[in-house]
Each structure stands twice: as structure tokens, then as C-alpha cells.
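**Q**
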Amino acid sequence: MVAGTLSNIGASAAMGVLGPLQSVAALNGAGSWAVITSALAVGTVVGAVIAGRVRPRRPLVLAMLALGLFSLPMFALARPMSLTVIVIAALIAGISLDLFSVLWDTALQQNVPNDSLSRVSAFDWLGSFALSPIALAVAGPLVDIYGISTVLYLAAACAATPPLALLVPAVRRLRAWA
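Going left to right, the sequence shown walks through residues 646 to 823 as my numbering numbers them.
1. For LEU651, does the three-state DSSP call read helix, strand or coil?
2. So the candidates are ALA804, ILE695, PRO701; which of them puts its Cα closest to the Cα of MET660?
3. What's the call for SER761, buried or exposed, on a 16-neighbour Cβ count within 10 Å?
4. CB-CB under 8 Å to VAL732, same chain, minus the five flanking residues each way: which ones, in chain order?
5. With 16 other CB atoms within 10 Å as the buried threshold, where does TRP822 fall?
6. Is GLY655 near THR751, with beta carbons less than 9 Å apart?
7. Which residues in the same chain as LEU646 place their Cβ atom closer than 7 Å to its Cβ, once the five residues preceding and following it in sequence are excluded?
8. Should SER835 go down as buried or exposed, given a rule of 16 or more other Cβ atoms within 10 Å for buried?
9. Around the C-beta of VAL765, are 16 or more other C-beta atoms found within 10 angstroms, so that it is buried, or is it exposed?
10. Just curious, the alpha helix (DSSP H) that TYR773 is in, first and last residue?
11. Can you give me the C-alpha to C-alpha distance between PRO704 and LEU819, rounded to a whole angstrom?
12. How would you write the range of the alpha helix (DSSP H) that ASN673 sits in, first residue to last?
13. Could you give the DSSP three-state label for ASP814: helix, strand or coil?
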């Protein structure tokens, strides 16, 4: 949950505030942001299709690695790289996001007793997203102090933390049901 919280803090700030600002400042404005977010959306559809076909033996390993890739467009925006590179990064991020979501939700459903699943899921969502509004609120003032690229790099670093969950043996070792 800690990795999810950090990831969502970075993603909320970057995709909700910083990405649009950087698109106006360094790319071609709102049109660029529309293309970037469209690539992200297309990636989520592709990711859902892929997730329906993969059967990893250790689903949380793939899930955490995939979620770490969600930081790619944030790093690409921080520099900023060309629109083409950012769009490709957003497509990969979309794929990784839905791959993570399906694997994570499946792991929860397979490993949490049915009578506890709704409660566990609610706490998971609360813990993962509770700080996101704060990230949205402080992103703008942080840009005024440190600059947009620095804050985007910080947001991207937060969003890249999910693979650190693999340092926990229980996360690494969780096996999928047959």
C-alpha cells in the first residue's frame, strides 16, 4: 500500500497538474496534452487485453514492475523530450497501469477471504489514494518554488517506487492460483 500511495501521489501531481502545465510551457499547448492523454487511454485498453492473456506465476512481481513503468511519461515530460517520445511513454504507461490493475485485483480476489474482500479493498483504495488531493494542492506552489522540471522529476520518482515493494518477501513470493 505504501508503494501505491507514493505512486499515486506522483501520478496525481504529474498527470493532474504538472503535465498540462508542461504541455503549455514546453510543447504545443493543450493539443499536445490531448495527444498524450489519448495515448495513455489507448494504452489502458491494450493493457487490459494483455492482462486478460497473461498468467504469471508470481503476479505481484509483474504487477509492481508494471506499475513502476507508469512513471515513464512523467520523466519524459520533466526533461521535456519530444512529443513523440512522451506519447510512446504514455502509451506504455497506460498498458502498465491496466496490467497492474488486473493483476492486483485478481491477487486480492484470490488471496483475501470473500467475507473480508470488500473491507480489504476499501482500505487498499483509501490508503492508496488518500494523499492524492494533497499532491494536487501542493503541486502548483512547489512549481513556483522549485520549477516545473524539478517537481516533475520528484513526482516521477514517487511514481516509480512500486518495484520497491518487491523487497518484501511475501510480495515477491505470492503465487497465482492455478
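All C-beta atoms in this analysis are idealised placements derived from N, C-alpha and C, irrespective of residue type, glycine included.
**A** By the coordinates alone:
1. helix
2. ALA804
3. exposed
4. By the criterion of a C-beta distance shorter than 8 Å, VAL732 is surrounded in its chain by VAL680, ILE681, ALA684, once the five residues flanking it on both sides are discounted.
5. So TRP822 counts as exposed.
6. Between GLY655 and THR751, the CB-CB gap reaches or exceeds 9 Å.
7. The sequence given here has Met at residue 646, not Leu. Around MET646: ASP769, GLY772, SER773.
8. The displayed coordinates of the chain run from 646 to 823. Any statement about residue 835 would go beyond what the structure contains.
9. Classification of VAL765: exposed, given that the 10 Å Cβ count is below 16.
10. Looking at the sequence provided, one finds Ser at residue 773 rather than Tyr. SER773 -> alpha helix (DSSP H) spans 759 to 774.
11. Taking the CA atoms as reference points, PRO704 sits about 7 Å from LEU819.
12. Neither: ASN673 is in no alpha helix (DSSP H) and is coded neither H nor E.
13. One point to set straight first is that residue 814 is Pro, not Asp, in the sequence displayed. Helix.
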